[in-house]
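K.L.:
All residue numbers for the sequence shown refer to the working numbering, where the first residue is 1 and numbers rise by one. Ideal placement from N, C-alpha and C gives every residue a C-beta, glycine not left out. Values in this document were obtained by computation on a predicted structure and should not be read as measured data. I am attaching a structure below and will ask some questions about it afterwards.
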Amino acid sequence: MTKEDAGKGLAKASAFVAYAKAAGIFWVILSFSLLISAQAASIGTRIWLDQWTTQVTDSKTGSEVANPPHSNAFYLGVYGCIVVIASSLTLLTNLTMYIQVGQNAAHIMHSKMLHGVINSPMSFFDVNPLGHITNRFVGDVQIVDETLVETYVTFFNHVAQAIATVVVICSVTPLFLTLLLPLFGAYYYLQNYYLRTSQAVQRVSRLTNSPVYALANTTFTGISTVRAFGMFLALFSELSD
């Protein structure tokens, strides 16, 4: 029997590349493009509101301009169109990310995992207990189905928001560019410190499930023997502990 070891260090970039390939590079690029467009439209609403206020209000007195270049209905109509575009792009982004990217990746990676286990030689099952295999299917598939897609959406959302924020700030205060490199260095250091600890804890937590699945599989396989010797309560107590 082989001992189930926890990985060390940060998750490799190849794992995320494999996830992107399973999801489809086209859908990944499309979802990110839609997200950037949605962020641009969201910023457009703020710019248009600023333009609206500037055109209809006197900057010196703060009073309403007597003869603005356009009516309030015009500004309100354009603002409404931009809001509809931004909302539509956000909806398309979420549909693309969760349905196309998430479902495609989950389906393909689960199929590859199942195909690999089914076509493994008998020696594979001799050295890998069923508890280890079940733990991988339950834990890893759950991560691919739920955690990875949420991480993917959150990552791209934060990247798009960061790009939009930096562009807006730098357009008003160009000197902010001089602070980007120190801020990026501090963020990178804190990120590595957090991720190493977080991933190590998650790996150890997942390893503790293997003995439970192994005992459950053994119990279900020999359920007739367990019932014959009246050991159901003892096994139930051991599973509960």
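#1: Looking at the unbroken alpha helix (DSSP H) that takes in Leu148, where does it start and where does it end?
#2: Do Gly44 and Ile82 have their C-beta atoms closer together than 7 Å?
#3: Measuring CB to CB, does Thr93 end up less than 7 Å from Leu34?
#4: How big is the Cα-Cα spacing for Ala164 and His132?
#5: Apply the 10 Å Cβ neighbour rule to Gln161 and answer buried if 16 or more other Cβ atoms are within range, or exposed otherwise.
#6: Rounded to the nearest angstrom, what separates Thr154 and Ser198 at their Cα positions?
#7: Alpha carbon to alpha carbon, how far is Ser88 from Ala40?
#8: State yes or no: is the C-beta of Ala86 within less than 7 Å of the C-beta of Ala23?
#9: Return yes when the Cβ of Tyr19 is within less than 7 Å of the Cβ of Leu114, no when it is not.
#10: Thinking just about the alpha-carbon of each residue, which of Asn157, Met109, Gly139 and His107 is nearest to the one in Ile36?
#11: Are the Cβ atoms of Trp266 and Tyr98 separated by less than 7 Å?
#12: In the structure shown, what three-state DSSP assignment does Ser120 receive?
#13: Using 7 Å as the threshold, is the C-beta distance between Val144 and Ala186 below it?
#14: Alpha carbon to alpha carbon, what distance is there between Val17 and Val172?
#15: Using the three-state DSSP reduction, which class does Ser198 fall into: helix, strand or coil?
#16: Hey, how far is the Cα of Thr180 from the Cα of Tyr152?
#17: Could you work out which residue in Gln103, Arg46, Ser42 and Gly77 is closest to Val28 when comparing CA atoms only?
P.N.:
Concretely, from the data shown:
#1: Note, Leu148: alpha helix (DSSP H), Leu148 to Val172.
#2: For Gly44 and Ile82, yes; Cβs fall inside 7 Å.
#3: Yes, the pair counts as a contact, with Cβ atoms nearer than the cut-off.
#4: A direct Cα-to-Cα measurement between Ala164 and His132 gives close to 45 Å.
#5: Looking at its Cβ environment, which holds fewer than 16 other Cβ atoms inside 10 Å, Gln161 is exposed.
#6: Rounded to whole angstroms, Thr154 to Ser198 spans 17 Å at the Cα level.
#7: When rounded, the distance between both Cα atoms is 13 Å.
#8: Cβ distance not < 7 Å, so Ala86 and Ala23 don't count as in contact.
#9: Going by C-beta atoms, Leu114 is not nearer than 7 Å to Tyr19.
#10: Considering only alpha carbons, the answer is Asn157.
#11: Outside the shown range of the chain, which is 1 to 241, sits residue 266, and nothing can be said about it.
#12: Three-state result, Ser120: coil.
#13: In this structure, Ala186 does not lie closer than 7 Å to Val144 by Cβ.
#14: Approximately 36 Å between the Cα atoms of the pair.
#15: Reduced to three states, the DSSP call for Ser198 is helix.
#16: The displayed chain sequence assigns Leu, not Thr, to residue 180. Linking Leu180 to Tyr152 through their CA atoms gives a straight-line distance of about 24 Å.
#17: Checked all of Gln103, Arg46, Ser42 and Gly77; the closest Cα to Val28 is Gln103.
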